[in-house]
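Colleague: Residue numbers (the working numbering): 556 to 849.
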Amino acid sequence: MKNYLKTTIYGIGVTMLLAQCTPQKTTETEETVVVEEVKTPSLTLIWETPATLETVESVLFDESTGKIYTSNIIGQDPLEKDGKGSISIIGTDGSIIEQDWVTGLNAPKGMAISNDHLYVTDIDELVEIDLESGEISNKWTVEGAQFLNDVAAHDGVVYFTDMNTGKVHSYQDGSISTVSEGHSSINGIAVANDGTIYGLDETGLKKWNADGSTTVVNSEVTGGDGLVILGNDNFIASRWVGEIWFVSPDGATKMLDTKAEESNTADIGYNPSEMVVYVPTFFKNKVAAYKLDY
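1) Whose C-beta lies closer than 8 Å to the C-beta of Glu635 among residues of the same chain, with five residues either side of it excluded?
2) Can you list, in chain order, the residues of its chain whose CB lies under 7 Å from that of Gly778, leaving out five sequence neighbours each side?
3) By how many angstroms is the C-alpha of Thr610 removed from the C-alpha of Thr820?
4) Only counting runs of 3 or more residues, tell me where the beta strand (DSSP E) segments fall wholly within the stretch 735-802, in order along the chain.
5) Closer than 8 Å by C-beta to Glu736: which residues in its own chain qualify, once you throw out the five before and the five after it? Chain order, please.
6) Exposed or buried, what is Met830 when buried is set at 16 or more other beta-carbons lying within 10 Å of its beta-carbon?
7) If we call anything under 7 Å between Cβ atoms a contact, is Lys809 one with Glu603?
8) Which residues in the same chain have their Cβ closer than 6 Å to the Cβ of Asp677, if we skip the five residues on either side of it in sequence?
9) Under 7 Å, do Asn773 and Ala745 count as touching if we go by C-beta distance?
10) Distance, Cα to Cα, Tyr726 vs Asp671?
11) Which same chain residues, not among the five before or five after Gly781, have their C-beta less than 6 Å away from its C-beta?
12) Around the C-beta of Ile652, are 16 or more other C-beta atoms found within 10 angstroms, so that it is buried, or is it exposed?
13) Alpha carbon to alpha carbon, what distance is there between Ser803 and Asp936?
14) By the three-class DSSP mapping on this structure, what secondary structure does Gln654 have?
15) How would you call Leu755, buried or exposed, if buried means at least 16 neighbouring beta carbons within 10 angstroms?
16) Cutting at 6 Å between CB atoms, please list the residues of its own chain near Ala844, excluding the five before and the five after it.
17) Between which residues of its own chain and Ala700 is the CB-CB distance below 6 Å, once the five residues before and five after are set aside?
18) Taking only three categories from DSSP, how would you classify Ser688?
19) Please classify Thr625 as buried or exposed, where buried requires at least 16 other C-beta atoms within 10 Å of its C-beta.
20) Look up Ser725 in the DSSP assignment and say whether it is helix, strand or coil.
21) Give a yes or no on whether the C-beta atoms belonging to Ser613 and Gly665 are separated by under 7 Å.
22) Alpha carbon to alpha carbon, how far is Ser641 from Leu622? Give it in angstroms, no decimals.
23) Who does Ala708 pair with in a DSSP beta bridge?
24) What whole-angstrom Cβ distance do Ile668 and Asp617 have, given they're in contact under 8 Å?
25) Given this structure, state the Cα-to-Cα distance separating Trp695 from Asp705, to the nearest angstrom.
26) Go ahead and label Lys850 buried or exposed: buried means 16 or more other beta carbons lie within 10 angstroms of its beta carbon, across all protein chains shown.
27) Beta-carbon within less than 7 Å of Leu673's beta-carbon, same chain only, minus the 5 sequence neighbours each way: which residues are those?
28) Check each candidate in Thr658, Ala707, Ala708 and Val712 and name the one with the smallest Cα separation from Ser688.
29) Does the distance from the CB of Ser818 to the CB of Gly786 come in under 7 Å?
30) Mapping DSSP to helix, strand and coil, what is Gly649?
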(Lines of atoms letter the chains of each structure in order from A and count residues from 1; the text may use other names and numbers.)
(Lines give C-alpha, C1' and ligand atoms only; values in the text may rest on other atoms or scores of the structure.)
Protein backbone atom coordinates (compact mmCIF):
# COMPACT_ATOMS: atom_id res chain seq x y z
CA MET A 1 0.00 0.00 0.00
CA LYS A 2 2.81 2.35 0.92
CA ASN A 3 4.69 1.58 -2.32
CA TYR A 4 1.55 2.07 -4.38
CA LEU A 5 0.87 5.45 -2.78
CA LYS A 6 4.47 6.51 -3.30
CA THR A 7 4.35 5.47 -6.93
CA THR A 8 1.09 7.33 -7.46
CA ILE A 9 2.37 10.53 -5.89
CA TYR A 10 5.54 10.28 -8.00
CA GLY A 11 3.46 9.87 -11.17
CA ILE A 12 1.35 12.88 -10.37
CA GLY A 13 4.46 14.98 -9.78
CA VAL A 14 6.02 14.02 -13.11
CA THR A 15 2.80 14.78 -14.92
CA MET A 16 2.59 18.28 -13.40
CA LEU A 17 6.24 18.93 -14.18
CA LEU A 18 5.77 17.93 -17.83
CA ALA A 19 2.70 20.09 -18.05
CA GLN A 20 4.66 23.11 -16.87
CA CYS A 21 7.59 22.46 -19.18
CA THR A 22 5.58 21.68 -22.32
CA PRO A 23 4.92 24.75 -24.52
CA GLN A 24 1.25 25.69 -24.54
CA LYS A 25 -0.56 25.63 -27.85
CA THR A 26 -1.89 29.06 -28.74
CA THR A 27 -4.41 30.15 -31.35
CA GLU A 28 -2.98 32.75 -33.75
CA THR A 29 -5.27 35.05 -35.72
CA GLU A 30 -4.02 35.53 -39.25
CA GLU A 31 -4.63 39.00 -40.68
CA THR A 32 -5.92 39.02 -44.23
CA VAL A 33 -4.16 41.69 -46.27
CA VAL A 34 -6.40 43.07 -48.98
CA VAL A 35 -4.48 44.53 -51.91
CA GLU A 36 -6.63 47.19 -53.47
CA GLU A 37 -6.48 47.18 -57.24
CA VAL A 38 -5.32 50.49 -58.69
CA LYS A 39 -7.64 51.60 -61.46
CA THR A 40 -6.01 53.01 -64.56
CA PRO A 41 -7.86 56.10 -65.82
CA SER A 42 -9.36 55.51 -69.25
CA LEU A 43 -11.40 57.07 -72.05
CA THR A 44 -14.01 55.17 -74.08
CA LEU A 45 -15.34 56.59 -77.34
CA ILE A 46 -19.14 57.01 -77.29
CA TRP A 47 -19.85 59.17 -80.36
CA GLU A 48 -18.47 61.48 -83.01
CA THR A 49 -20.10 64.38 -84.82
CA PRO A 50 -20.35 64.54 -88.60
CA ALA A 51 -17.11 65.91 -90.10
CA THR A 52 -18.57 69.33 -90.89
CA LEU A 53 -16.98 71.45 -88.14
CA GLU A 54 -14.14 72.84 -90.22
CA THR A 55 -10.88 73.06 -88.28
CA VAL A 56 -12.63 72.75 -84.92
CA GLU A 57 -10.27 74.08 -82.26
CA SER A 58 -12.16 74.29 -78.97
CA VAL A 59 -15.19 72.75 -77.23
CA LEU A 60 -17.14 74.23 -74.33
CA PHE A 61 -19.98 72.50 -72.44
CA ASP A 62 -22.57 74.81 -70.85
CA GLU A 63 -23.82 73.12 -67.67
CA SER A 64 -26.80 75.45 -67.36
CA THR A 65 -28.30 74.61 -70.78
CA GLY A 66 -26.63 71.36 -71.85
CA LYS A 67 -25.45 72.99 -75.07
CA ILE A 68 -21.99 72.35 -76.46
CA TYR A 69 -20.22 75.19 -78.28
CA THR A 70 -17.40 74.68 -80.76
CA SER A 71 -15.02 77.25 -82.23
CA ASN A 72 -14.13 76.64 -85.85
CA ILE A 73 -11.12 78.27 -87.49
CA ILE A 74 -12.22 77.15 -90.98
CA GLY A 75 -8.84 77.17 -92.68
CA GLN A 76 -5.25 76.06 -92.29
CA ASP A 77 -3.81 79.21 -90.74
CA PRO A 78 -4.69 79.94 -87.07
CA LEU A 79 -3.50 83.53 -87.49
CA GLU A 80 -5.25 84.49 -90.71
CA LYS A 81 -7.77 87.32 -90.46
CA ASP A 82 -10.11 86.09 -93.17
CA GLY A 83 -13.51 86.50 -91.49
CA LYS A 84 -14.35 82.83 -92.08
CA GLY A 85 -14.26 81.61 -88.45
CA SER A 86 -17.45 80.55 -86.68
CA ILE A 87 -19.08 79.15 -83.54
CA SER A 88 -21.35 76.10 -83.78
CA ILE A 89 -23.73 74.44 -81.32
CA ILE A 90 -23.88 70.66 -81.02
CA GLY A 91 -25.95 68.33 -78.85
CA THR A 92 -24.85 65.85 -76.18
CA ASP A 93 -25.67 63.07 -78.66
CA GLY A 94 -23.23 64.40 -81.26
CA SER A 95 -25.85 66.01 -83.49
CA ILE A 96 -25.21 69.37 -85.12
CA ILE A 97 -27.84 71.73 -83.71
CA GLU A 98 -26.68 74.94 -85.40
CA GLN A 99 -23.66 74.91 -87.69
CA ASP A 100 -23.41 78.69 -88.17
CA TRP A 101 -24.59 80.06 -84.84
CA VAL A 102 -22.01 82.87 -84.99
CA THR A 103 -20.10 83.80 -88.16
CA GLY A 104 -17.72 86.52 -89.25
CA LEU A 105 -14.89 85.66 -86.88
CA ASN A 106 -11.30 85.08 -88.00
CA ALA A 107 -9.63 82.18 -86.19
CA PRO A 108 -11.59 81.68 -82.94
CA LYS A 109 -10.03 79.49 -80.27
CA GLY A 110 -10.70 79.23 -76.52
CA MET A 111 -14.11 79.98 -75.00
CA ALA A 112 -15.66 80.64 -71.59
CA ILE A 113 -19.05 81.76 -70.27
CA SER A 114 -19.51 84.65 -67.84
CA ASN A 115 -22.52 86.84 -67.03
CA ASP A 116 -24.72 85.42 -69.81
CA HIS A 117 -22.08 85.99 -72.46
CA LEU A 118 -19.71 83.75 -74.36
CA TYR A 119 -16.14 85.04 -74.55
CA VAL A 120 -13.86 83.76 -77.30
CA THR A 121 -10.32 84.68 -78.30
CA ASP A 122 -9.73 85.63 -81.93
CA ILE A 123 -6.01 86.12 -82.70
CA ASP A 124 -5.55 89.54 -81.05
CA GLU A 125 -9.10 90.23 -79.90
CA LEU A 126 -11.41 89.09 -77.12
CA VAL A 127 -14.92 88.74 -78.56
CA GLU A 128 -18.09 88.94 -76.47
CA ILE A 129 -21.22 87.13 -77.72
CA ASP A 130 -24.71 87.37 -76.25
CA LEU A 131 -25.77 83.83 -75.39
CA GLU A 132 -29.46 84.46 -75.94
CA SER A 133 -29.29 86.18 -79.32
CA GLY A 134 -26.00 84.87 -80.69
CA GLU A 135 -25.06 88.43 -81.60
CA ILE A 136 -21.53 89.76 -81.18
CA SER A 137 -21.98 92.42 -78.51
CA ASN A 138 -18.41 93.64 -78.22
CA LYS A 139 -14.81 93.19 -79.29
CA TRP A 140 -11.67 94.27 -77.48
CA THR A 141 -8.32 94.49 -79.22
CA VAL A 142 -5.60 93.40 -76.78
CA GLU A 143 -2.52 95.61 -77.01
CA GLY A 144 0.56 93.68 -78.10
CA ALA A 145 -1.36 90.41 -78.49
CA GLN A 146 -0.05 87.89 -81.04
CA PHE A 147 -1.74 84.51 -80.49
CA LEU A 148 -4.59 84.66 -77.99
CA ASN A 149 -5.61 81.13 -77.12
CA ASP A 150 -7.43 79.52 -74.19
CA VAL A 151 -10.04 81.17 -71.96
CA ALA A 152 -11.43 80.53 -68.46
CA ALA A 153 -13.89 82.46 -66.30
CA HIS A 154 -14.38 82.75 -62.54
CA ASP A 155 -16.51 85.07 -60.41
CA GLY A 156 -17.05 87.63 -63.18
CA VAL A 157 -13.44 87.67 -64.36
CA VAL A 158 -12.41 86.24 -67.74
CA TYR A 159 -8.83 84.99 -68.03
CA PHE A 160 -7.11 84.25 -71.34
CA THR A 161 -3.65 83.35 -72.56
CA ASP A 162 -1.34 84.56 -75.32
CA MET A 163 0.80 81.63 -76.45
CA ASN A 164 3.34 83.75 -78.36
CA THR A 165 3.96 86.44 -75.75
CA GLY A 166 3.72 84.13 -72.71
CA LYS A 167 1.16 86.35 -70.99
CA VAL A 168 -2.08 85.80 -69.10
CA HIS A 169 -4.64 88.57 -69.47
CA SER A 170 -7.91 89.25 -67.69
CA TYR A 171 -11.12 91.02 -68.61
CA GLN A 172 -13.56 92.54 -66.13
CA ASP A 173 -16.10 95.36 -66.37
CA GLY A 174 -14.95 96.52 -69.79
CA SER A 175 -11.25 96.61 -68.90
CA ILE A 176 -8.42 94.32 -70.00
CA SER A 177 -5.20 93.95 -68.04
CA THR A 178 -2.17 91.64 -67.89
CA VAL A 179 -2.10 89.54 -64.73
CA SER A 180 0.99 87.40 -65.35
CA GLU A 181 3.79 86.94 -67.88
CA GLY A 182 6.93 84.95 -68.60
CA HIS A 183 5.16 81.65 -69.39
CA SER A 184 6.71 80.21 -72.55
CA SER A 185 4.11 78.86 -75.01
CA ILE A 186 1.31 79.06 -72.45
CA ASN A 187 -1.98 77.70 -73.76
CA GLY A 188 -4.55 75.93 -71.58
CA ILE A 189 -5.96 77.75 -68.57
CA ALA A 190 -8.53 76.83 -65.92
CA VAL A 191 -9.69 78.29 -62.62
CA ALA A 192 -10.68 76.22 -59.58
CA ASN A 193 -13.71 76.97 -57.41
CA ASP A 194 -11.48 78.67 -54.85
CA GLY A 195 -10.07 80.99 -57.51
CA THR A 196 -6.72 79.25 -57.99
CA ILE A 197 -5.49 79.60 -61.57
CA TYR A 198 -3.87 76.66 -63.37
CA GLY A 199 -2.14 76.75 -66.75
CA LEU A 200 -0.24 74.63 -69.26
CA ASP A 201 3.02 75.83 -70.77
CA GLU A 202 6.44 74.43 -71.74
CA THR A 203 7.27 73.59 -68.12
CA GLY A 204 4.11 71.51 -67.65
CA LEU A 205 1.04 72.03 -65.48
CA LYS A 206 1.47 74.95 -63.10
CA LYS A 207 -0.62 76.79 -60.54
CA TRP A 208 -0.57 80.39 -59.44
CA ASN A 209 0.14 81.11 -55.79
CA ALA A 210 -1.44 83.88 -53.74
CA ASP A 211 1.65 86.09 -54.17
CA GLY A 212 1.52 85.78 -57.98
CA SER A 213 4.35 83.27 -58.24
CA THR A 214 3.79 79.89 -59.86
CA THR A 215 4.50 76.30 -58.86
CA VAL A 216 4.89 73.46 -61.36
CA VAL A 217 2.39 70.77 -60.33
CA ASN A 218 3.40 68.27 -63.02
CA SER A 219 6.38 68.46 -65.38
CA GLU A 220 5.42 65.48 -67.58
CA VAL A 221 2.61 67.11 -69.55
CA THR A 222 4.56 69.88 -71.23
CA GLY A 223 3.22 72.01 -74.06
CA GLY A 224 -0.39 71.17 -73.20
CA ASP A 225 -3.46 72.57 -74.96
CA GLY A 226 -6.78 72.04 -73.15
CA LEU A 227 -7.10 71.81 -69.36
CA VAL A 228 -9.93 70.51 -67.16
CA ILE A 229 -9.98 70.60 -63.35
CA LEU A 230 -11.64 67.47 -61.94
CA GLY A 231 -11.11 68.27 -58.26
CA ASN A 232 -9.05 66.61 -55.51
CA ASP A 233 -5.89 67.66 -57.38
CA ASN A 234 -6.88 65.64 -60.45
CA PHE A 235 -6.82 67.11 -63.96
CA ILE A 236 -7.25 66.23 -67.62
CA ALA A 237 -4.82 67.81 -70.05
CA SER A 238 -4.62 67.51 -73.83
CA ARG A 239 -1.74 67.97 -76.21
CA TRP A 240 -2.62 69.20 -79.68
CA VAL A 241 -0.52 66.48 -81.35
CA GLY A 242 -3.04 63.80 -80.33
CA GLU A 243 -2.66 63.01 -76.63
CA ILE A 244 -4.91 63.26 -73.58
CA TRP A 245 -3.47 62.81 -70.10
CA PHE A 246 -4.86 62.22 -66.62
CA VAL A 247 -2.83 64.16 -64.06
CA SER A 248 -2.98 63.41 -60.32
CA PRO A 249 -0.70 63.80 -57.30
CA ASP A 250 0.71 60.36 -58.25
CA GLY A 251 1.85 61.53 -61.69
CA ALA A 252 0.50 61.54 -65.24
CA THR A 253 -1.14 58.76 -67.23
CA LYS A 254 -1.71 58.91 -70.99
CA MET A 255 -5.34 57.95 -71.63
CA LEU A 256 -5.56 58.58 -75.37
CA ASP A 257 -3.10 58.68 -78.25
CA THR A 258 -4.44 59.40 -81.73
CA LYS A 259 -1.22 60.51 -83.40
CA ALA A 260 -1.16 57.42 -85.64
CA GLU A 261 -4.58 58.41 -86.99
CA GLU A 262 -3.33 62.00 -87.47
CA SER A 263 -6.26 63.14 -85.33
CA ASN A 264 -5.46 66.09 -83.11
CA THR A 265 -6.70 66.67 -79.59
CA ALA A 266 -7.02 70.42 -79.20
CA ASP A 267 -8.84 72.44 -76.51
CA ILE A 268 -11.05 69.83 -74.79
CA GLY A 269 -14.39 70.38 -73.05
CA TYR A 270 -15.94 68.45 -70.17
CA ASN A 271 -19.40 67.46 -68.93
CA PRO A 272 -18.91 66.84 -65.18
CA SER A 273 -22.32 65.31 -64.45
CA GLU A 274 -21.92 62.67 -67.20
CA MET A 275 -18.10 62.49 -66.97
CA VAL A 276 -17.73 62.95 -70.72
CA VAL A 277 -14.71 64.56 -72.38
CA TYR A 278 -15.35 66.38 -75.67
CA VAL A 279 -12.34 66.36 -77.99
CA PRO A 280 -11.99 68.74 -80.97
CA THR A 281 -10.02 66.91 -83.66
CA PHE A 282 -8.94 70.05 -85.56
CA PHE A 283 -8.21 69.00 -89.17
CA LYS A 284 -10.50 65.94 -88.86
CA ASN A 285 -13.35 68.49 -88.65
CA LYS A 286 -15.34 66.77 -85.90
CA VAL A 287 -15.78 66.44 -82.14
CA ALA A 288 -15.31 63.07 -80.49
CA ALA A 289 -16.92 62.31 -77.10
CA TYR A 290 -15.25 59.95 -74.62
CA LYS A 291 -16.56 58.54 -71.36
CA LEU A 292 -14.06 59.10 -68.55
CA ASP A 293 -13.47 56.35 -65.99
CA TYR A 294 -11.08 56.95 -63.10
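The C-beta atom is built at its ideal place from N, Cα and C for all residues, glycine as well.
Modeller: With the given structure in hand:
1) Residue 635 sits at position 80 when you count from the first residue of the sequence shown. Closer than 8 Å at the Cβ level, and outside the excluded window around Glu635, lie Asn661 and Ala662.
2) In the sequence shown, counting from the first residue as 1, residue 778 sits at position 223. Excluding sequence positions up to five before and after Gly778, its CB lies within less than 7 Å of the CB of Ser740, Glu757 and Arg794, all in the same chain and listed in chain order.
3) For the purposes of this step, residue 820 is taken as the residue at position 265 of the sequence shown. For the purposes of this step, residue 610 is taken as the residue at position 55 of the sequence shown. So the two alpha carbons sit approximately 12 Å from each other.
4) 744-746, 752-756, 759-763, 769-773, 782-786 and 789-794
5) As a position in the sequence shown, residue 736 is number 181, starting the count at 1. So the qualifying residues of the chain are Thr720, Gly721, Lys722 and Val723.
6) Here residue 830 is taken as the residue at index 275 of the sequence shown, counted from 1. By the neighbour-count rule (16 or more Cβ atoms within 10 Å), Met830 is not buried but exposed.
7) Along the sequence shown, one-based indexing puts residue 809 at 254. Along the sequence shown, one-based indexing puts residue 603 at 48. Using a Cβ distance threshold of 7 Å, Lys809 and Glu603 do not count as a contacting pair.
8) As a first step, residue 677 is located in the sequence shown; it is residue number 122 there, counting from the start. Shown here for Asp677: same chain residues with a beta carbon closer than 6 Å to its own, the five before and five after excluded, namely Leu660, Asn661 and Pro663 in chain order.
9) Numbered from its first residue, the sequence shown carries residue 773 at position 218. Numbered from its first residue, the sequence shown carries residue 745 at position 190. No, these two residues do not count as a Cβ contact at 7 Å.
10) Locating residue 726 in the sequence shown gives position 171, counting from the first residue. Locating residue 671 in the sequence shown gives position 116, counting from the first residue. If I take the Cα positions, the gap works out to 15 Å.
11) Locating residue 781 in the sequence shown gives position 226, where the first residue counts as 1. The beta carbon of Gly781 lies closer than 6 Å to those of Gly743, Ser793, Asp822 and Ile823 in the same chain, with the five residues before and after it left out.
12) Along the sequence shown, one-based indexing puts residue 652 at 97. Result: exposed.
13) Shown here, the chain extends from 556 to 849; a query on residue 936 therefore has no answer.
14) In the sequence shown, residue 654 corresponds to position 99, counting from 1. Correct three-state label for Gln654: strand.
15) Here the question's residue 755 lines up with position 200 in the sequence shown. The residue in question, Leu755, is buried, as its Cβ has 16 or more Cβ neighbours within 10 Å.
16) Counted from its first residue, the sequence shown places residue 844 at position 289. Answer for Ala844: Ile601, Trp602, Val831 and Tyr833, listed in chain order.
17) Looking up residue 700 in the sequence shown gives position 145. Asp679 and Asp717.
18) Position 133 of the sequence shown, counted from the start, is the residue given in the question as residue 688. Coil, per DSSP.
19) On the sequence shown, position 70 is the one that residue 625 refers to. Thr625 is buried by the Cβ-count criterion.
20) Locating residue 725 in the sequence shown gives position 170, counting from the first residue. If DSSP states are grouped into helix, strand and coil, Ser725 belongs with the strands.
21) The residue labelled residue 613 in the question sits at position 58 within the sequence shown. The residue labelled residue 665 in the question sits at position 110 within the sequence shown. In this structure, Gly665 lies closer than 7 Å to Ser613 by Cβ.
22) Position 67 of the sequence shown holds residue 622. Position 86 of the sequence shown holds residue 641. A quick correction: the sequence has Lys, not Leu, at residue 622. For Lys622 and Ser641, the distance between alpha carbons rounds to 16 Å.
23) One-based indexing of the sequence shown puts residue 708 at position 153. In the DSSP output, where bridge partners are listed per residue, Ala708 has Val713.
24) In the sequence shown, the residue the question calls residue 668 occupies position 113. In the sequence shown, the residue the question calls residue 617 occupies position 62. Indeed, because the Cβ distance is near 6 Å, the residues count as touching under 8 Å.
25) Position 140 of the sequence shown, counted from the first residue, corresponds to residue 695. Position 150 of the sequence shown, counted from the first residue, corresponds to residue 705. When rounded, the distance between both Cα atoms is 16 Å.
26) Residue 850 cannot be examined here, being either before or after the span of the chain that is shown, 556 to 849.
27) Position 118 of the sequence shown, counted from the first residue, corresponds to residue 673. These residues qualify, in order along the chain: Tyr624, Met666, Ile684 and Leu686.
28) For the purposes of this step, residue 688 is identified with residue 133 of the sequence shown, where counting begins at 1. Closest option to Ser688, Cα to Cα, is Thr658.
29) On the sequence shown, residue 818 is found 263 positions in, with the first residue counted as 1. On the sequence shown, residue 786 is found 231 positions in, with the first residue counted as 1. Not a contact, by the Cβ cut-off of 7 Å.
30) As a first step, residue 649 is located in the sequence shown; it is residue number 94 there, counting from the start. Coil at Gly649, not helix or strand.
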